[in-house]
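**Student:** The C-terminal position of the sequence shown is numbered 216 in the UniProt record's numbering, with every residue numbered one higher than the one before it.
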Amino acid sequence: MISKHSHEQSDRGEGVEVVQNEPFEDPHHGNGQFTEKRVYLNSKLPSWARAVVPKIFYVTEKAWNYYPYTITEYTCSFLPKFSIHIETKYEDNKGSNDRIFDNEAKDLEREVCFIDIACDEIPERYYKESEDPKHFKSEKTGRGQLREGWRDSHQPIMCSYKLVTVKFEVWGLQTRVEQFVHKVSDQKRFLSLGQGHCLYWQVRVHDVQTVGASNR
1 MISKHSHEQS DRGEGVEVVQ NEPFEDPHHG NGQFTEKRVY LNSKLPSWAR AVVPKIFYVT
61 EKAWNYYPYT ITEYTCSFLP KFSIHIETKY EDNKGSNDRI FDNEAKDLER EVCFIDIACD
121 EIPERYYKES EDPKHFKSEK TGRGQLREGW RDSHQPIMCS YKLVTVKFEV WGLQTRVEQF
181 VHKVSDQKRF LSLGQGHCLY WQVRVHDVQT VGASNR
C-alpha cells in the first residue's frame with residue numbers, strides 16, 4: 001500500500017529508487033527488514049528552497065522495520081547536517097497512550113498532533129473522492145465510509161504513533177527549515193492523505209484477491 005502511494009506521488013521524472021531491501025537482525029529488536037531508498041522530490045519544495053537547492057537532488061530514506069516498532073531516518077544529498085528521525089509504534093487502541101514515547105524523549109518538548117484519516121481536511125489538488133474513506137466502501141469486508149466519530153464505533157482499531165525529530169544545524173536557516181520540515185513531515189494533510197490511500201488500496205487489493213480466489 002505504501003509503495004502504491006509512493007508510485008502515485010511520483011511525477012516529472014521524480015520518484016523513489018530502491019537501493020537496498022534485505023532482512024536485518026538487531027540484538028534488541030530482533031528480526032526485521034532494512035530498506036534504503038532515494039526519494040527525488042525537487043518539485044515538492046517551496047519556492048524559497050528551490051532557489052538554493054540543486055536542480056536534481058534526493059533525500060535518502062533508511063528504514064528498519066521491526067513491526068510493531070519501526071525506525072526511519074532521512075538525510076539530504078547536499079545538506080550533511082540535515083536529518084529527520086522518526087520512531088513509529090503501533091498499538092491496538094484509539095490513540096489513548098500519551099506516554100508511549102516517554103523513555104525516548106522525556107527531556108524534550110513535543111507538539112502532539114492527532115491525525116484523523118477520514119475527517120481531516122485534504123488540499124484540493126491532492127483530493128480524490130474515489131479514495132476518500134468517507135465515500136468508498138468494500139462490499140467484501142464492509143470497510144470504508146468512515147463518519148465523524150468513527151474511532152469510537154469501529155472495531156478492531158489500531159493507532160500509529162510517530163515521534164518526529166528534525167535537526168538542521170546551519171546558521172541562518174536552522175529555525176526556518178526545522179519548522180518547515182515539521183510542518184510537512186507530520187502535519188495532518190500528508191499523513192491523512194497517505195494513510196487514507198493505504199486504507200483504500202488495502203480494501204481494493206482484498207476485494208481483487210477475493211474475486212480471484214472465487215474464480216479459480
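Glycine included, C-beta positions come from ideal geometry on N, C-alpha and C. On a predicted model such as this, the values are computed, not experimentally measured, just so you know.
Note the first and the last residue of the continuous beta strand (DSSP E) segment covering residue 63.
**Tutor:** It spans 59-66 - the beta strand (DSSP E) in which residue 63 sits, taken as one unbroken run.
**Student:** Drop a sphere of 10 angstroms on the beta-carbon of residue 67, count the other beta-carbons inside from all chains shown, and report buried for 16 or more, exposed for fewer.
**Tutor:** The residue in question, residue 67, is exposed, as its Cβ has fewer than 16 Cβ neighbours within 10 Å.
**Student:** Helix, strand or coil: how does DSSP classify residue 152 here?
**Tutor:** DSSP places residue 152 in helix when its eight states are reduced to three.
**Student:** Please go through the same chain and pick out, in chain order, the residues whose beta-carbon is closer than 6 Å to the beta-carbon of residue 72, but skip the five residues on each side of it.
**Tutor:** Counting only Cβ-Cβ distances below 6 Å, and skipping sequence neighbours, we find 63, 86.
**Student:** Run through DSSP, which three-state label would residue 26 get?
**Tutor:** Residue 26: strand per DSSP, three-state reduction.
**Student:** On the three-state DSSP scale, how would you describe residue 50?
**Tutor:** Reduced to three states, the DSSP call for residue 50 is helix.
**Student:** Between which two residues does the beta strand (DSSP E) containing residue 71 stretch?
**Tutor:** Residues 69-76.
**Student:** Closest to residue 163 by CA distance: which of 92, 148, 112 is it?
**Tutor:** The residue with the shortest Cα to Cα distance from residue 163 is 112.
**Student:** So with Cβ pairs under 8 Å, would you call residue 39 a contact of chain C?
**Tutor:** Annotation note: the requested chain C is absent from the structure, which comprises a single protein chain.
**Student:** Rounded to whole angstroms, what's the CA-CA distance from residue 38 to residue 84? Just pull it up for me.
**Tutor:** Going by the C-alpha atoms only, they are around 14 Å apart.
**Student:** I think residue 57 touches residue 78, with their Cβ atoms under 8 Å apart; what is that distance to the nearest whole Å?
**Tutor:** At roughly 6 Å, the Cβ-Cβ gap stays under 8 Å, so residue 57 and residue 78 are in contact.
**Student:** If the criterion is Cβ atoms closer than 8 Å, does the pair residue 36 and residue 60 meet it?
**Tutor:** Against a cut-off of 8 Å, the Cβ pair of residue 60 and residue 36 comes out as a contact.
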